[in-house]
Amino acid sequence: MKKSRKFLTHVLGMSVLLSISTAGMAELVVNPGQTNSGQATLSWSSEEASQLLNGDASVASLNSSEEFSPQGSTKVTTSVRNGGAVSTSAPKTAYIADTSSYSSQPSVNARAALVMDAQTGEVLYSKNTNVALPIASITKLMTAVVTADARLNMSEEITLQQIDFAGAGGKNSSSTLKAGDTMNRAEMLLVALMKSENPAAAALARTYPGGRSAFVAAMNAKARQLGMNSTHYVESTGLDVRNIASARDLGILVSASSQYGLIRQFSTTAHYDFNLGYRVLKSNNTNALVRNGGWNINISKTGYINEAGRCVVMHTTVNNRPAVVVLLGASSSQARTNDATNLMNWVSQLPKRI
Numbered sequence: 001m002k003k004s005r006k007f008l009t010h011v012l013g014m015s016v017l018l019s020i021s022t023a024g025m026a027e028l029v030v031n032p033g034q035t036n037s038g039q040a041t042l043s044w045s046s047e048e049a050s051q052l053l054n055g056d057a058s059v060a061s062l063n064s065s066e067e068f069s070p071q072g073s074t075k076v077t078t079s080v081r082n083g084g085a086v087s088t089s090a091p092k093t094a095y096i097a098d099t100s101s102y103s104s105q106p107s108v109n110a111r112a113a114l115v116m117d118a119q120t121g122e123v124l125y126s127k128n129t130n131v132a133l134p135i136a137s138i139t140k141l142m143t144a145v146v147t148a149d150a151r152l153n154m155s156e157e158i159t160l161q162q163i164d165f166a167g168a169g170g171k172n173s174s175s176t177l178k179a180g181d182t183m184n185r186a187e188m189l190l191v192a193l194m195k196s197e198n199p200a201a202a203a204l205a206r207t208y209p210g211g212r213s214a215f216v217a218a219m220n221a222k223a224r225q226l227g228m229n230s231t232h233y234v235e236s237t238g239l240d241v242r243n244i245a246s247a248r249d250l251g252i253l254v255s256a257s258s259q260y261g262l263i264r265q266f267s268t269t270a271h272y273d274f275n276l277g278y279r280v281l282k283s284n285n286t287n288a289l290v291r292n293g294g295w296n297i298n299i300s301k302t303g304y305i306n307e308a309g310r311c312v313v314m315h316t317t318v319n320n321r322p323a324v325v326v327l328l329g330a331s332s333s334q335a336r337t338n339d340a341t342n343l344m345n346w347v348s349q350l351p352k353r354i
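Using the UniProt record's numbering, the first residue of the sequence shown is number 1, and each one after it goes up by one.
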């Protein structure tokens with residue numbers, strides 16, 4: 001069996017995902033430790049990533065308390081009780097109303113856009129943020145969250161089947177992968193996030209306990225748990241136009257995703273070579289801003305189908321300000337990149353709240 005890839009050594013994963021409630025945007029981001037059930041969800045830790053690297057076929061649940069400060073947030077204390085239930089405590093944070101009152105706001109090509117301060121939840125820029133639109137492969141970010149939440153064996157080998165290439169509505173599913181290609185689950189997640197390979201995302205759903213229907217149900221349940229009220233998923237790749245969400249909802253999803261070490265690392269990998277045994281698949285990130293460097297990007301996912309246009313979501317740090325950027329429905333890849341660059345340059349000039 002192939003060894004888990006060296007890339008996993010760089011995962012600096014947190015051990016607890018702090019889920020987001022349905023409160024105001026500031027509370028969604030700054031005080032994410034409360035879920036509807038009062039519990040948080042376990043995520044992958046750096047220690048567990050090392051176990052994957054060493055070929056350990058199973059990962060034990062955490063049984064100790066830990067304190068840490070999420071990116072740009074207040075400290076949250078978590079404790080794991082017998083049976084795996086997680087209790088959390090975090091100070092309440094005052095709601096900061098949405099505001100787009102800053103002068104000289106840039107115009108964007110995209111149909112919908114959101115820029116949010118990831119530390120305070122303040123909306124810095126908004127355009128059609130509450131309109132539910134097709135989201136194409138931005139879907140794969142939720143696919144990654146559901147995969148990580150399930151705490152499945154990431155070393156397990158998965159072989160792509162012809163059904164994983166079926167796509168939706170006749171859309172092209174992959175130009176590089178083939179039925180019979182085998183990767184472990186971690187590699188499937190990596191190639192789905194960085195290269196946006198649809199068969200990999202389909203295989204992750206197919207091999208989920210209960211299969212595709214259970215996976216899609218978990219996607220929609222997670223969206224409801226996070227307060228993504230305009231979101232609906234019908235499959236795991238994004239090829240289906242019925243996968244929809246608003247820019248606001250995707251801002252919530254990006255904030256939640258930033259708490260997963262594997263997703264942060266995998267979605268921002270610029271280049272990676274997958275050894276498929278009989279060939280090496282050289283792969284590049286679909287986001288030019290990740291490939292070219294120059295920006296501190298912590299989460300990235302692009303998307304495209306005709307109905308959705310060019311889309312991207314990012315969690316980035318600009319001039320020491322953590323920010324979430326969402327763009328839906330740009331007319332071209334270059335327009336999407338220009339929009340994102342202009343917005344991040346604009347954010348870098350904004351005064352910070354005191």
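We put the CB at the ideal spot given by N, CA and C, even for glycine.
So, for residue i: in the same chain, excluding its five sequence neighbours on each side, which residues have a beta-carbon less than 7 Å away from its beta-carbon?
i           : result
Ser332      : Arg310
Phe266      : Leu189, Leu190, Leu193 and Met194
Tyr272      : Phe7, Leu190, Met194 and Ser283
Met344      : Trp295, Thr316, Val318 and Val325
Ser196      : Ser137, Lys140, Thr286 and Thr302
Asn174      : The amino acid occupying residue 174 in the given sequence is Ser; Asn does not appear at that position. Phe165, Glu197, Asn198 and Pro199, listed in sequence order.
Arg111      : Asn128, Leu133, Gly309, Leu328 and Gly329
Pro351      : none
residue 355 : What the structure shows of the chain is the stretch from 1 to 354, and residue 355 is not part of that stretch, so it cannot be assessed.
On a Cα-Cα basis, can you pick out the residue from the options that is closest to residue i?
i      : options                           : result
Asn243 : Gln334, Ile138 and Ser196         : Ile138
Ile299 : Glu307, Ala288, Asn292 and Val313 : Val313
Thr286 : Lys140, Asn128 and Asn320         : Lys140
Ala330 : Gly277, Gly210, Ala308 and Ala245 : Ala308
Gln161 : Ser104, Gln349, Asn306 and Ala201 : Ala201
Thr120 : Pro209, Arg321, Thr269 and Ala340 : Arg321
Ala150 : Asn306, Ala214 and Thr341         : Ala214
Ala257 : Tyr278, Ala223, Lys282 and Gly277 : The amino acid occupying residue 257 in the given sequence is Ser; Ala does not appear at that position. Ranking the options by Cα distance to Ser257, first place goes to Ala223.
Ala270 : Leu253, Val290 and Glu156         : Val290
Thr147 : Pro209, Arg279, Thr341 and Pro351 : Pro209
Ser107 : Asp339, Lys352 and Pro351         : Asp339
Lys171 : Asn306, Tyr278 and Arg111         : Asn306
Glu156 : Thr207, Asn130 and Thr341         : Thr207
Since residue i and residue j should fall inside the 8 Å C-beta cutoff, what is the C-beta to C-beta distance between them, to a whole number of angstroms?
i      : j      : result
Ala247 : Val326 : 4 Å
Asn296 : Thr316 : 6 Å
Ser236 : Thr337 : About 26 Å; that fails the 8 Å criterion.
Asn153 : Arg185 : 7 Å
Asp164 : Ala113 : No, Asp164 and Ala113 are not in contact; Cβ-Cβ is about 33 Å, not under 8 Å.
Ala205 : Arg212 : 5 Å
Leu281 : Thr176 : 6 Å
So, for residue i: in the same chain, excluding its five sequence neighbours on each side, which residues have a beta-carbon less than 6 Å away from its beta-carbon?
i      : result
Met116 : Val123, Gly251 and Val324
Leu276 : Asp181
Val254 : Ile299, Val313, His315 and Val324
Ala288 : Thr337
Asn229 : none
Ala168 : Leu239 and Asp240
Thr268 : Val290, Ile297 and Ser300
Buried or exposed, going by whether 16 or more other CB atoms sit within 10 Å of the CB of residue i?
i      : result
Ala60  : In this predicted model, Ala60 has a pLDDT of only 27, less than 50, meaning its place in the structure is not dependable; the value taken from the coordinates is given anyway. It is exposed - the Cβ of Ala60 has fewer than 16 other Cβ atoms within 10 Å.
Met183 : buried
Gln259 : buried
Gly227 : buried
Thr231 : buried
Asn319 : exposed
Gly72  : Reliability fails at Gly72, whose pLDDT of 31 lies under 50, so the model's placement of it is uncertain and no value is given.
Lys301 : buried
Ala187 : Residue identity check: residue 187 is Glu in the sequence provided, not Ala. The residue in question, Glu187, is buried, as its Cβ has 16 or more Cβ neighbours within 10 Å.
Arg264 : buried
Ala179 : exposed
Lys127 : buried
Gln349 : exposed
Pro199 : buried
Gln334 : exposed
Quick one: residues in its chain with C-beta nearer than 8 Å to the C-beta of residue i, no 5 flanking neighbours on either side, listed in chain order?
i      : result
Ile135 : Gly238, Asn243, Ile244, Ala245, Leu250, Gly303, Ala308, Cys311 and Leu328
Val234 : Val216, Asp240, Arg242 and Asn243
Gln105 : Tyr125 and Trp346
Can you pull the DSSP bridge partners for residue i?
i      : result
Leu193 : The partner list for Leu193 (beta bridge, DSSP) is empty, contrary to what the question assumes.
Phe274 : Leu281
Val312 : Thr302 and Leu327
Val115 : Tyr125 and Val325
Pro134 : Ile244
Ile297 : Thr316
Met183 : Ile158
Is residue i close to chain B, meaning its C-beta is less than 8 Å from at least one C-beta of that chain?
i      : result
Gly210 : The chain inventory of the structure shown lacks chain B, comprising one protein chain alone.
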